[in-house]
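Undergrad: The structure that follows is given in the form of structure tokens.
Residue numbers (the working numbering): -6 to 262.
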């Protein structure tokens, strides 16, 4: 078995299939770890989800902000932010089945051997790996509960911008979700700046990329994340592996061999 991780698909199916063919991926033997944002903006969100659903037993998935938004749209919990690239998916006869499947996915995953920890946007520096997994499970329980509608309706918004253990209810779930699916930069006290989407050269004073702050305790795992296309996969660290290489923006898709460390790329223009 070989394990691979791939950056944000965002409905770009052909580059993904190109990469899987290049490495001779065998869905009966290998594993594909998906860092989230499977849909939206790209040309084939519906076909992408259908393809992934067919090989679902070989996948490990952490949800991204676009995936959560897609579920909210499909369930009728929001009408804002509709995007034309999602219409075919939202109107498909198997949409409910695909959304049911997405709602069973995680926000943070760790490999069985403890070598890697994966989430869509990253892991806040002030959370230990075990705490990130525990907080992820709180959101996952909300996603799978009979009251999931409440979670999705209250999911939108930027506050609270700083994590506090005392947070409760929807504010707590929203804060966890924003850290794991929308975070790029934060201040020394952990305060997020969620409007920032640019590259390293334009980070406002007082903020740094989340992975440049000291961690609460040393991590044993290497971190896999996506979400930040403007980063261009550059973290300056071998233990922090960025995988969103801007496929949907016409650059390329990145597939990472988690066992050998080799990277494969397919142009997406």
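We put the CB at the ideal spot given by N, CA and C, even for glycine.
Threshold first: 4 residues or longer. Then list the alpha helix (DSSP H) segments lying entirely within the stretch 115 to 160, N to C.
TA: 122 to 137 and 141 to 147
Undergrad: Measure the CB-CB distance between residue 100 and residue 129 and report whether it falls below 7 Å.
TA: yes
Undergrad: One question on the structure: do residue 33 and residue 2 come within less than 7 Å of each other, judged by their Cβ atoms?
TA: no
Undergrad: Among residues of its own chain, excluding the 5 on either side of residue 145, which ones have a beta-carbon nearer than 8 Å to its beta-carbon?
TA: 61, 64, 65, 68, 70 and 71
Undergrad: Since residue 251 and residue -2 are thought to touch, with beta carbons under 8 Å apart, how far apart are those beta carbons, to the nearest angstrom?
TA: 6 Å
Undergrad: Verify whether the separation of the beta carbon atoms of residue 180 and residue 199 is less than 7 Å.
TA: Yes.
Undergrad: What is the DSSP secondary structure of residue 43, counted as helix, strand or coil?
TA: The three-state secondary structure of residue 43, taken from DSSP, is helix.
Undergrad: To the nearest whole angstrom, what separates the beta carbons of residue 4 and residue 37, a pair I think is in contact under 8 Å?
TA: With a Cβ gap of about 5 Å, residue 4 and residue 37 count as contacting.
Undergrad: From which residue to which residue does the alpha helix (DSSP H) around residue 25 run?
TA: No alpha helix (DSSP H) contains residue 25, which is instead part of the beta strand (DSSP E) from 24 to 27.
Undergrad: On the three-pair Cβ rule with 8 Å, is the stretch 16 to 36 touching the stretch 234 to 245?
TA: yes
Undergrad: For residue 260, which residues from the same chain have a beta carbon less than 6 Å from its beta carbon, with the 5 sequence-adjacent residues on both sides left out?
TA: 245
Undergrad: Assuming residue 185 contacts residue 224 under a Cβ cut-off of 8 Å, what Cβ separation, rounded to an integer in Å, is found between them?
TA: Not a contact, Cβ separation roughly 16 Å.
Undergrad: Under a Cβ-count criterion, where at least 16 other Cβ atoms within 10 Å of its own Cβ denotes burial, should residue 111 be classed as buried or exposed?
TA: So residue 111 counts as buried.
Undergrad: Could you spell out the range, first to last residue, of the alpha helix (DSSP H) harbouring residue 171?
TA: 162 to 174
Undergrad: Return the Cβ separation of residue 221 and residue 183 in integer angstroms, given the expectation that the two are a contact with Cβ distance under 8 Å.
TA: About 18 Å separates the two Cβ atoms, so there is no contact after all.
Undergrad: Measuring CB to CB, does residue 74 end up less than 7 Å from residue 113?
TA: no
Undergrad: Apply the 10 Å Cβ neighbour rule to residue 59 and answer buried if 16 or more other Cβ atoms are within range, or exposed otherwise.
TA: Result: buried.
Undergrad: Just the C-alpha distance for residue 50 and residue 143, rounded to the nearest angstrom, thanks.
TA: 29 Å
Undergrad: Mark residue 98 as exposed unless 16 or more other C-beta atoms lie within 10 angstroms of its C-beta, in which case mark it buried.
TA: buried
Undergrad: If residue 122 and residue 103 are in contact, beta carbons under 8 Å, what's the gap, nearest whole angstrom?
TA: The beta-carbon separation of residue 122 and residue 103, rounded to 7 Å, stays under the 8 Å limit for a contact.
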